[in-house]
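Q:
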Amino acid sequence: MYQTLAQQGIAPAEEQYQPDTSLEEYQQERRREAFDNTLWGAALVLLHILLVVFDVIHVSDLFRSLLFIIGVASVGHGTWELLQSKSLTAEDLERHDEAKRFAKSIENTKLTYSKAILACLILVAIIQFLTGDKESIQAAGLVKSAVWKGEVWRLFTCATLHVNFMHIWMNSLALIGFGRLIEAVSSRAYLPIVFLVSAFSGSVFSLLLLPNTTSVGASGGLMGLVGFLAVLGYRQKENLPPGFFKSIVINICFIGALGLVGFAIIDNAAHLGGLLAGAGCGAVLINKRAEANPSEASRFTVGLGSVSLALIAAISLLSIVTLMSQ
Numbered sequence: 047m048y049q050t051l052a053q054q055g056i057a058p059a060e061e062q063y064q065p066d067t068s069l070e071e072y073q074q075e076r077r078r079e080a081f082d083n084t085l086w087g088a089a090l091v092l093l094h095i096l097l098v099v100f101d102v103i104h105v106s107d108l109f110r111s112l113l114f115i116i117g118v119a120s121v122g123h124g125t126w127e128l129l130q131s132k133s134l135t136a137e138d139l140e141r142h143d144e145a146k147r148f149a150k151s152i153e154n155t156k157l158t159y160s161k162a163i164l165a166c167l168i169l170v171a172i173i174q175f176l177t178g179d180k181e182s183i184q185a186a187g188l189v190k191s192a193v194w195k196g197e198v199w200r201l202f203t204c205a206t207l208h209v210n211f212m213h214i215w216m217n218s219l220a221l222i223g224f225g226r227l228i229e230a231v232s233s234r235a236y237l238p239i240v241f242l243v244s245a246f247s248g249s250v251f252s253l254l255l256l257p258n259t260t261s262v263g264a265s266g267g268l269m270g271l272v273g274f275l276a277v278l279g280y281r282q283k284e285n286l287p288p289g290f291f292k293s294i295v296i297n298i299c300f301i302g303a304l305g306l307v308g309f310a311i312i313d314n315a316a317h318l319g320g321l322l323a324g325a326g327c328g329a330v331l332i333n334k335r336a337e338a339n340p341s342e343a344s345r346f347t348v349g350l351g352s353v354s355l356a357l358i359a360a361i362s363l364l365s366i367v368t369l370m371s372q
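When you line the sequence shown up against the numbering used here, it's residues 47 to 372, in that order.
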């Protein structure tokens with residue numbers, strides 16, 4: 047169930063605020079974290095540069111390496127955080143402490159639908175491991191030419207497949223993180239609806255905007271969760287921590303920057319399609335009235351959520367059967 051900040055044990059703005067740490071300690075903590083992120087990101091970038099220098103890989107391979115892309119993003123994000131840490135104020139500290147209390151308040155959220163969707167993705171990943179990643183992608187991935195020839199089901203099955211272990215691992219972390227937020231502050235029925243619609247939208251955008259590539263991954267559905275949370279954060283800003291909406295926007299910007307650096311391996315079209323579809327779902331499902339409780343969904347919506355989860359399971363089963371029969 048959704049709760050207001052007061053119900054969650056988070057002190058409202060009008061009560062006396064007692065910081066968990068001093069401003070100086072907070073600044074030092076932020077600088078230390080930013081420096082660590084910058085350092086290990088720079089180490090990843092330097093490692094790849096050395097591989098290029100010693101002709102182990104080519105320059106063109108840099109932007110096809112997920113670790114290099116993560117390294118560049120970490121350097122950029124860490125540098126930005128270092129610059130920001132110099133101008134932190136008591137108000138920033140208050141928002142930080144409130145965000146920590148909010149995060150703690152949702153730690154024990156029952157991740158019913160998040161874990162169900164994750165289980166589907168992991169089962170498909172196991173079959174992929176047994177049948178071979180490249181073979182499975184050709185069998186059920188978003189092979190654009192095959193879609194145009196009539197294999198429309200690939201628009202759905204591609205969202206259950208992944209390129210490698212790191213791909214499924216990162217998407218799993220994102221699903222649990224964003225899924226927890228949705229299940230904690232809104233009706234959990236929204237989660238499978240948004241994921242399914244956004245995954246399909248991401249596939250369609252990829253099909254139309256990147257017709258000569260083959261794509262797999264749940265990123266379209268995950269970006270839909272982000273878009274949904276952005277609308278939720280904006281419309282329910284009075285009932286959520288002050289930095290909630292801002293943090294979602296920062297996530298969107300970070301993912302966008304990551305997509306620009308990793309354009310060679312990241313399907314930005316699918317990300318865009320998923321994000322827009324998720325935001326559209328939020329616009330339809332989340333009431334504009336601030337006093338409305340987003341955890342209260344109609345019977346139709348709850349039923350639609352169950353149907354959507356069943357469809358995700360069915361699509362995953364279709365992927366498994368397709369992979370095993372190749």
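Every residue gets a Cβ at the ideal spot worked out from N, C-alpha and C, and that includes glycine.
Because the structure is a prediction, the values reported are computed rather than measured.
Which residue comes first and which comes last in the alpha helix (DSSP H) that contains Lys180?
A: Residue mapping note: residue 180 aligns to position 134 of the sequence shown, counting from 1. Looking at the DSSP string, the run of the alpha helix (DSSP H) that includes Lys180 is Asp179 to Ala186.
Q: Using CA coordinates, which residue listed in Asn285, Ile311, Gly279 and Arg234 is at the minimum distance from Ser341?
A: Reading the sequence shown from its first residue, position 295 is the one you call residue 341. Nearest option by C-alpha distance: Arg234.
Q: Counting pairs of Cβ atoms below 8 Å between the segment 245-262 and the segment 309-321, do you hit three or more?
A: With the cut-off at 8 Å, the segment 245-262 and the segment 309-321 touch.
Q: Check this for me: beta carbons of Leu167 and Ser218, under 8 Å apart or not?
A: As a first step, residue 167 must be located in the sequence shown, where it is residue number 121. As a first step, residue 218 must be located in the sequence shown, where it is residue number 172. Going by C-beta atoms, Leu167 is nearer than 8 Å to Ser218.
Q: Which whole-angstrom value describes the C-beta separation of Ser252 and Asp313, a residue pair presumed to lie in contact below a C-beta threshold of 8 Å?
A: Numbered from 1 along the sequence shown, position 206 holds the residue referred to as residue 252. Numbered from 1 along the sequence shown, position 267 holds the residue referred to as residue 313. Indeed, because the Cβ distance is near 5 Å, the residues count as touching under 8 Å.
Q: Using DSSP bridges, identify the partner residues of Ser261.
A: Counted from its first residue, the sequence shown places residue 261 at position 215. DSSP output for Ser261 lists Leu188 as bridge partner(s).
Q: Can you give the Cα-Cα distance for Gly351 and Gln74, rounded to whole angstroms?
A: Along the sequence shown, read from residue 1 onward, the residue named residue 351 stands at position 305. Along the sequence shown, read from residue 1 onward, the residue named residue 74 stands at position 28. Rounded to whole angstroms, Gly351 to Gln74 spans 45 Å at the Cα level.
Q: Check whether the Cβ atoms of Gly270 and Phe241 lie closer than 8 Å to each other.
A: Taking the sequence shown and counting its residues from 1, the one referred to as residue 270 is at position 224. Taking the sequence shown and counting its residues from 1, the one referred to as residue 241 is at position 195. Cβ distance < 8 Å, so Gly270 and Phe241 count as in contact.
Q: So, does the segment 139-146 touch the segment 205-217, judging by three or more C-beta pairs under 8 Å?
A: With the cut-off at 8 Å, the segment 139-146 and the segment 205-217 do not touch.
Q: Near Ser111, what residues of its chain come up, given a Cβ to Cβ distance below 7 Å and the 5 sequence neighbours on each side ignored?
A: What you label residue 111 is simply residue 65 of the sequence shown in a count that begins at 1. Around Ser111: His94.
Q: By the 10 Å Cβ neighbour count, where 16 or more other Cβ atoms means buried, how is Arg200 classified, buried or exposed?
A: Taking the sequence shown and counting its residues from 1, one reaches residue 200 at position 154. With 16 or more Cβ atoms within 10 Å of its Cβ, Arg200 is classed as buried.
Q: From this set, Val121, Lys132 and Val170, which residue's C-alpha is nearest Cys204's C-alpha?
A: Mapped onto the sequence shown, residue 204 falls at position 158. The residue with the shortest Cα to Cα distance from Cys204 is Val170.
Q: Taking the alpha-carbon positions, what's the Pro238 to Asp101 distance?
A: Translated into positions along the sequence shown, residue 238 becomes position 192. Translated into positions along the sequence shown, residue 101 becomes position 55. Whole-angstrom Cα-Cα distance: 46 Å.
Q: Reducing DSSP to helix, strand and coil, say where Arg234 ends up.
A: Residue 234 sits at position 188 when you count from the first residue of the sequence shown. Coil, per DSSP.
Q: Ignore the nearest five residues each way along the sequence and tell me which others in Gly263's own chain have a CB closer than 8 Å to its CB.
A: Taking the first residue of the sequence shown as position 1, residue 263 is located at position 217. Excluding sequence neighbours, Gly263 sits near Cys204, Ala205, Leu207, His208, Val209, His213, Asn217, Asp313 and Ala316.
Q: Could you check if Ala89 is buried or exposed, using at least 16 other CB atoms within 10 Å of its CB as the buried criterion?
A: Translated into positions along the sequence shown, residue 89 becomes position 43. So Ala89 counts as exposed.
Q: Under 8 Å, do Glu129 and Tyr72 count as touching if we go by C-beta distance?
A: In the sequence shown, residue 129 corresponds to position 83, counting from 1. In the sequence shown, residue 72 corresponds to position 26, counting from 1. Going by the sequence as given, residue 129 is Leu instead of Glu. Result no, Cβ atoms of Leu129 and Tyr72 do not sit closer than 8 Å.
Q: Do Tyr266 and Ser160 have their C-beta atoms closer together than 8 Å?
A: Sequence index remark: in the sequence shown, residue 266 carries index 220 (1-based). Sequence index remark: in the sequence shown, residue 160 carries index 114 (1-based). It is Gly, not Tyr, that sits at residue 266 in the sequence shown. Result no, Cβ atoms of Gly266 and Ser160 do not sit closer than 8 Å.
Q: Apply the 10 Å Cβ neighbour rule to Ile172 and answer buried if 16 or more other Cβ atoms are within range, or exposed otherwise.
A: Numbered from its first residue, the sequence shown carries residue 172 at position 126. The residue in question, Ile172, is exposed, as its Cβ has fewer than 16 Cβ neighbours within 10 Å.
Q: Taking Cβ to Cβ, would you say Ala276 is nearer than 8 Å to Ile296?
A: Reading the sequence shown from its first residue, position 230 is the one you call residue 276. Reading the sequence shown from its first residue, position 250 is the one you call residue 296. Result no, Cβ atoms of Ala276 and Ile296 do not sit closer than 8 Å.
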